[in-house]
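Here the structure comes first, spelled out in C-alpha cells, and everything after it is commentary.
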Amino acid sequence: MSPRDLKIPSERHPEKAHRPDQAQPKKPEWIRVKAPTSAGYKETRDILRNNKLVTVCEEAGCPNVGECWSQGHATMMIMGDICTRGCSFCNIATGRPDDLDAFEPGRVAHAVQTLGLSHVVITSVDRDDLEDGGAEHFAQTIRAVRHRSPETTIEILTPDFLKCSPSALEKVVEAKPDVFNHNLETVPGLYPSVRPGARYFHSLRLLQRVKELDPTMFTKSGIMVGLGEDRQGVLQVMDDMRAADVDFLTIGQYLQPTPKHHRVDRFVTPEEFAGYAKAAQGKGFLMVSATPLTRSSYHAGEDFARLRAARLERLGKA
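Dropping the structure here:
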C-alpha cells in the first residue's frame, strides 16, 4: 500500500472527500495578506526543515505565516501531522497517526535555541489513539525546551484530552508551561457541525481545572467567528470563559481552507471585532486580541509580555 500524499486534498481529508462543495466567498480587502518572500521567512523555514519539525503555521494554512516566520516566530506542532479528529473547519490531515518520535522533544528544544526565541508556542494534533492523549510527550517537550533555553517562556496549545484520565492534564500542568491555551473554537450550538469530536463543556472544564491545579498559570482560549454564530452566542462564550477564570481571549475570522470544509457564513467587519474586544475587556479578561487576522499564536510573544504586565497591574490595584 503506497503512503498517502497529504498534498492531495482527498487523501489529506478522506472524511471530507464525499461532502458537497461549499462556495468560497471572495475575501474582503481587510483579510488579504502578501505571499511570504523575505530572507527571514526562508531562514526560519530552513531551520524547521533541518530539524524535521512540523508547524501548525503550514499545516493549518495560517494567513500570518509570512509575517511571523520573517521575524523568526513559529508554532511547533508535535506528535506528527495527522490528527485523529476531523473537525470541519480544520486543514490538518485526518487519519491514523504514526508512532510518537522519542527524539522530537530534543529537536524542538534545539530549534527554539537556534532560532533564539524568547517565547515559543507548542501545539499538537489530537491523539485519541494514545492512552494519555500525548500528555507525557507535551511534558517532555516543555522540559527539553526549559533545559536548553531556560529564559524562553513557553506557551502550549493543547488538545482536550477528552478520552483520558484526569492525570493526563495534571502531567502537562506539572511541567509548568507559562501559558496554557486550549481553544473552544466556536459557540456550543455549532459544535455538532464544526467540532463534532469535542464537547464544549468538557473543554471549558479543562481550562477551569488548569487554574485549580495551578492558580498562577496563565490560561488562554480562542474562538473563530464567521461560522454561523450570532453576537449573543459570542458574548455567552466570553461569560463562560470568565467563569472558568480564563485570562486571555482571542477572536479571529474563520477562513475556509478548501471547498470541502465548513462554509464561511460571513466576513465579520473590523468594527464588529473592535466591539467584541471592548465587550471582552469589560468582562474582565487580562488580555484580548480580536481582529480578522487574529490567530491563537499570532504575536504570542508580545502578547505574553502584555499579559504578565496586566496581571501585575491588577494585583497592584487589588
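For what it's worth, the working numbering labels the leading residue of the sequence shown as 2, then goes sequentially.
Idealized CB from N, CA, C, for every residue including glycine.
- Leaving aside the five residues that flank glutamate 230 on each side, the residues in its chain whose CB is nearer than 7 Å to its CB run, in chain order, Thr187, Val188, Leu191.
- Nearest C-alpha to isoleucine 32 among Thr259, Gly253, Asp304, Lys279: Gly253.
- Excluding five sequence positions before and after alanine 145, the CB atoms of its chain that fall closer than 7 Å to its own CB belong to Pro106, Gly107, Val109, Ala110, given in chain order.
- Under the DSSP definition of a beta bridge, valine 121 partners with Ile155.
- When C-alpha distances from methionine 242 are compared across Ala281, Ser150, Met225, Asp161, the shortest belongs to Ala281.
- Beta-carbon to beta-carbon, valine 126 and proline 167 are separated by about 22 Å, too far to satisfy the 8 Å threshold.
- Annotation for histidine 263: Gln23, Ser89, Phe90, Ser194, Val195, Leu228, Tyr255, Gln257 place their beta carbon closer than 8 Å to its own, counting only its chain and skipping 5 residues before and after.
- For glycine 107, the uninterrupted alpha helix (DSSP H) run begins and ends at 105–116, by DSSP.
- Its chain contains Thr154, Ile155 as the residues whose beta carbon lies nearer than 6 Å to that of aspartate 179, once the 5 sequence neighbours on both sides are disregarded; these appear in chain order.
- With 16 or more other CB atoms across the displayed protein chains lying within 10 angstroms of its CB, proline 293 is buried.
- The residue from Glu213, Tyr201, Arg147, Gly234 with its alpha-carbon nearest to that of leucine 170 is Glu213.
- In the three-state reduction of the DSSP assignment, glutamine 233 falls in the helix class, which pools H, G and I.
- Distance from the CA of methionine 80 to the CA of alanine 244, rounded to the nearest whole angstrom, comes to 31 Å.
- Straight across, the Cα-Cα distance linking glutamine 233 with glutamine 141 is about 40 Å.
- Every unbroken stretch of the beta strand (DSSP E) spanning 3 or more residues and falling wholly within the region 167–202 is given here in chain order: 180–182.
- Per DSSP, phenylalanine 219 is one residue of the beta strand (DSSP E) stretching across 219–226.
- As computed with DSSP, serine 290 is found in a beta bridge with Thr251.
- Exposed is the label assigned to lysine 318, since fewer than 16 other Cβ atoms lie within 10 Å of its Cβ.
- Boundaries of the beta strand (DSSP E) harbouring threonine 76: 76–79, taken from the DSSP string.
- Taking C-beta separations shorter than 8 Å and ignoring five residues to either side along the sequence, the partners of aspartate 304 in its chain run Phe249, Met288, Ser290, following chain order.
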